[in-house]
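The next block holds one structure in the form of structure tokens; read it before the comments.
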Amino acid sequence: MTDVALKSTPLEDRHVALGGRMVPFAGYNMPVQYEGVMAEHKWTRAEAGLFDVSHMGQARLSGADAVHTLEALTPTDFAALKPGKQKYSLLLNEAGGILDDWMVSRPEEDGFFLVVNAACKDQDFAIIADSLKGDTTFDILADRALLALQGPRAREVMAQVCPAACEMYFMDCGTFEILGETAFVSRSGYTGEDGFEISFPAARAAELWDLLLTFPQVKPIGLGARDSLRLEAGMPLYGHEMDETYGVVESGLSFGMSKSRLERGDIRGIERIRAERENPQRTRVALRVLEGPPARDGAKILNAEGEAIGIVTSGVPSPTLGYSIAMGYVPATQSAPGTQLKLEVRGKPYACEVVTIPFVPNSYHRKPKA
Amino acid sequence: MKFTKEHEWVKDQGDGTAFVGITAYAADALGDVVFVEVPEAGKTLTKGDAFAVVESVKAASDVYAPVDGEVIEGNGELGNAPETVNAVPEAGGWFAKIKLTNPSQLDALMDREAYEAYLATL
């Protein structure tokens, strides 16, 4: 193995001081856990968990043509994204394969704020830089940290730190002042819980981290629990549930695609999108393991006759549910909830069942229906 | 009790049999154990081969045979109570009882003092 110098987030010394077990992740030295994945997972579901996700890429696109730049690369209608709103989107290649998934905010009329996966950011930013339309300006925000505060008590804490942000609903975003600095905050996250993501100047990120940890409701949470939390919420992880070989529809990510764009047909790889809609082959499913060990990434999915029909892309013993869960791909004909399948782990088949996504119901702070 | 660098232990019962398991250090490093797969009686173990699996929320880890042997009994209790591995890793959290088929291999393993000195280097 080649030794490559790991990059650090602005909070690395905090993780080490808190006893975080540090591991390489997407080229960064990151905490996989502090007191333990199980305890951190349960804490986030009951209280509030604080995550350092500063390894993720952040960028800003401005100018009247920023909408066109984004729309050329994604299946999302960004002209329709209202200021103060956030949208899940996908970076597609020319053939409609998924290069990354993004969270795109529009804090103000002029200007989009992007959060992209750490492992994909160099690729993504190179593609964007090569695809700028008209007057679009593109800035990579390498000088900002990203903190996520997630859980049923996240709001109480934010009410003390940034009260105005608590007026937002799920998938709202805005620009606020915290500790005298400009913070881009969204009411969203990667756990299925109510919560906030806070983009903050790297130079003062440790102060914000320390401030949030002064609240008794808040504990630091590592990447281990981040993964088990997102899996229970049925959320995909790039490199597992999707990559360039998967399309928008089969991966169950059509919610990142706008109906208007589909009707206009001006999406990269539109032929693939139409084919997956009209003649579905494989599709992403949620599986409840009914017996035996957890099935993890790479485990074969078998039909009742024991023939391999698919593959697990993520799996975990669910701390909330007390049984193992997994996501993976199977033929669309065998994807209906209730379908009895098998999972092969260490050469032996174990019963599982297709269930609905999410495994654990989400608890977002949604805007009440009028 | 003797120990390996892979954090397994062997407890020689003095009658040609021994218990094997993972050390407190290994159990702590794994975190909460949620599933254990122990070997069935009759299985032949060769030193260094994976003979059991222990799973935490995060990952599945192989457990390697510290010595040659033949499994007399796997610890079936761990199926219902995998958390025993965290609670008492070097006692009730044993993985298998084995017949030692090459007892001289025990001499090459570390005693507790040597194992603790080894842990200090990690």
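Keeping their order, the protein sequence lines are chains A and B. With the first letter of the first sequence counted as 1, position 19 gets the number 18 in numbering that gives the first Met the number 0; the numbers rise by one all the way through. With the first letter of the second sequence counted as 1, position 71 gets the number 70 in numbering that gives the first Met the number 0; the numbers rise by one all the way through. Here a beta-carbon is modelled for each residue, glycine too, at the ideal position from N, C-alpha and C.
Tell me, to the nearest whole angstrom, how far the beta carbon of residue 197(A) is from that of residue 146(A); I am working on the premise that it is less than 8 Å. For the purposes of this step, residue 197(A) is taken as residue 198 along the first sequence, with counting starting at 1. For the purposes of this step, residue 146(A) is taken as residue 147 along the first sequence, with counting starting at 1. Their Cβ separation, rounded to whole angstroms, is 5 Å, which keeps residue 197(A) and residue 146(A) in contact under 8 Å.
Using the Cα positions of residue 38(B) and residue 32(A), report the straight-line distance between them to the nearest angstrom. The residue given as residue 38(B) occupies position 39 in the second sequence. The residue given as residue 32(A) occupies position 33 in the first sequence. Using only the alpha carbons, I get a separation of about 30 Å.
Rounding to the nearest angstrom, what Cα-Cα distance links residue 325(A) and residue 311(A) in this structure? For this step, residue 325(A) is matched to residue 326 along the first sequence. For this step, residue 311(A) is matched to residue 312 along the first sequence. Distance between the alpha carbons of residue 325(A) and residue 311(A): 7 Å.
Identify the continuous alpha helix (DSSP H) that holds residue 124(A) and give its terminal residues. Indexing the first sequence from 1 puts residue 124(A) at position 125. 120-129 is the extent of the alpha helix (DSSP H) around residue 124(A).
Just confirm the distance between the C-beta atoms of residue 86(A) and residue 103(A), as a whole number of angstroms; I'd bet it's less than 8 Å. Within the first sequence, the letter at position 87 stands for residue 86(A). Within the first sequence, the letter at position 104 stands for residue 103(A). The Cβ separation is near 5 Å, so the contact holds.
What whole-angstrom Cβ distance do residue 68(B) and residue 100(B) have, given they're in contact under 8 Å? What you label residue 68(B) is simply residue 69 of the second sequence in a count that begins at 1. What you label residue 100(B) is simply residue 101 of the second sequence in a count that begins at 1. Beta-carbon to beta-carbon, residue 68(B) and residue 100(B) are separated by about 5 Å, close enough to satisfy the 8 Å threshold.
How far does the alpha helix (DSSP H) with residue 277(A) in it reach, from first residue to last? Residue 277(A) sits at position 278 when you count from the first residue of the first sequence. Start and end: 269-277.
Close Cβ partners of residue 303(A) (< 8 Å) along its chain, the five nearest in sequence each way excluded: Taking the first sequence and counting its residues from 1, one reaches residue 303(A) at position 304. Around residue 303(A): 339, 340 and 341.
Chain B residues whose Cβ lies nearer than 9 Å to that of residue 229(A): Counted from its first residue, the first sequence places residue 229(A) at position 230. In chain order: nothing, as chain B lies at least about 13 Å away.
On the DSSP letters alone, give me the boundaries of the beta strand (DSSP E) that residue 59(A) sits inside. The residue labelled residue 59(A) in the question sits at position 60 within the first sequence. Its beta strand (DSSP E) spans residues 56-61.
Let me know the beta strand (DSSP E) ranges lying completely inside the stretch 307-353 of chain A, each 3 residues or longer, listed in chain order. You should have 307-316, 323-330 and 339-344.
Does any residue of chain B have a CB that is nearer than 8 Å to the CB of residue 292(A)? Mapped onto the first sequence, residue 292(A) falls at position 293. Under the Cβ distance rule, residue 292(A) counts among the residues neighbouring chain B, one pair being separated by less than 8 Å.
Find the nearest neighbour of residue 35(A) within the set 60(B), 30(B) and 75(B), judged by alpha-carbon distance. Within the first sequence, numbered from 1, the residue matching residue 35(A) stands at position 36. Of the candidates 60(B), 30(B) and 75(B), 30(B) places its Cα closest to the Cα of residue 35(A).
Should the stretch 111-129 of chain A be called in touch with the stretch 53-72 of chain A, which here means at least 3 C-beta pairs below 8 Å? yes
Apart from the five residues just before and just after residue 51(A), which ones in its own chain have a Cβ nearer than 6 Å to its Cβ? By one-based count along the first sequence, residue 51(A) stands at place 52. For residue 51(A), where only same-chain residues beyond five positions count, the Cβ hits under 6 Å are 8 and 10.
Any 3 or more C-beta pairs closer than 8 Å across the stretch 62-79 of chain A and the stretch 178-185 of chain A: no
Quick one: grab the DSSP three-state call for residue 14(B). Position 15 of the second sequence holds residue 14(B). Coil at residue 14(B), not helix or strand.
Please confirm if residue 40(A) has its CB atom under 8 Å from at least one CB of chain B. Counting from one through the first sequence, the residue named residue 40(A) turns up at place 41. Output row for residue 40(A): interface = yes.
With a threshold of 16 other CB atoms inside 10 Å of the CB of residue 254(A), please say whether the residue is buried or exposed. In the first sequence, counting from the first residue as 1, residue 254(A) sits at position 255. Result: exposed.
Taking its Cβ as the centre, do 16 or more other Cβ atoms sit within 10 Å of residue 202(A), making it buried, or is it exposed? As a position in the first sequence, residue 202(A) is number 203, starting the count at 1. Looking at its Cβ environment, which holds fewer than 16 other Cβ atoms inside 10 Å, residue 202(A) is exposed.
Residue 21(A) lies in the beta strand (DSSP E); which residues open and close that run? Counted from its first residue, the first sequence places residue 21(A) at position 22. Element bounds for residue 21(A): 20-24.
Interface partners of residue 2(B) on chain A, CB under 7 Å: Taking the first residue of the second sequence as position 1, residue 2(B) is located at position 3. Residues of chain A passing the Cβ test: none, with the nearest at roughly 22 Å.
Drop a sphere of 10 angstroms on the beta-carbon of residue 344(A), count the other beta-carbons inside from all chains shown, and report buried for 16 or more, exposed for fewer. Sequence index remark: in the first sequence, residue 344(A) carries index 345 (1-based). It is buried - the Cβ of residue 344(A) has at least 16 other Cβ atoms within 10 Å.
Identify every residue that forms a DSSP beta bridge with residue 138(A). To locate residue 138(A), count along the first sequence from 1; it is residue 139. Paired residue(s): 59(A).
Contact with chain A by residue 31(B), beta-carbon distance below 8 Å: Locating residue 31(B) in the second sequence gives position 32, counting from the first residue. Yes, its Cβ sits closer than 8 Å to a Cβ of chain A.
Quick one: measure Cβ to Cβ for residue 44(A) and residue 319(A), integer angstroms, because I've assumed they're closer than 8 Å. By one-based count along the first sequence, residue 44(A) stands at place 45. By one-based count along the first sequence, residue 319(A) stands at place 320. Indeed, because the Cβ distance is near 6 Å, the residues count as touching under 8 Å.
Just the chain A side, please: which residues come within less than 7 Å of residue 34(B) by C-beta, in chain order? Indexing the second sequence from 1 puts residue 34(B) at position 35. Those within 7 Å of residue 34(B) in chain A are 292, 293 and 316.
Is the beta carbon of residue 232(A) closer than 8 Å to that of residue 156(A)? Reading the first sequence from its first residue, position 157 is the one you call residue 156(A). Reading the first sequence from its first residue, position 233 is the one you call residue 232(A). No, the Cβ-Cβ distance between residue 156(A) and residue 232(A) is not below 8 Å.
Please check the pair residue 247(A) and residue 89(A), which I expect to be a contact at CB under 8 Å, by giving their CB distance rounded to whole angstroms. Counting from 1 along the first sequence, the entry for residue 247(A) is found at position 248. Counting from 1 along the first sequence, the entry for residue 89(A) is found at position 90. The Cβ separation is near 6 Å, so the contact holds.
Under 8 Å between beta-carbons, which chain A residues line up against residue 52(B)? List them in chain order, please. The sequence position of residue 52(B) within the second sequence is 53, counting from 1. Under the 8 Å cutoff, chain A gives 292 and 345.
Residue 32(A), enclosing beta strand (DSSP E) - first and last residue: Here the question's residue 32(A) lines up with position 33 in the first sequence. Residues 27-32.
Range covered by the alpha helix (DSSP H) that runs through residue 372(A): No answer is possible for residue 372(A): the residues shown for chain A start at 0 and end at 369.
With the cut-off set at 8 Å, would you say residue 56(B) and residue 316(A) are in Cβ contact? By one-based count along the second sequence, residue 56(B) stands at place 57. By one-based count along the first sequence, residue 316(A) stands at place 317. Contact flag set, yes.
Beta-carbon separation (whole angstroms), residue 228(A) vs residue 49(A), contact threshold 8 Å: What you label residue 228(A) is simply residue 229 of the first sequence in a count that begins at 1. What you label residue 49(A) is simply residue 50 of the first sequence in a count that begins at 1. Rounded, the Cβ-Cβ distance is 13 Å, inconsistent with contact.
The beta strand (DSSP E) spanning residue 258(A) covers which residue range? Here residue 258(A) refers to the residue found at position 259 when the first sequence is read from its first residue. Segment 258-263 is the alpha helix (DSSP H) holding residue 258(A); no beta strand (DSSP E) there.
Select from the stretch 41-75 of chain B all residues with a C-beta closer than 8 Å to any C-beta belonging to chain A, and list them in chain order. 52, 54, 55, 56, 57, 58 and 59
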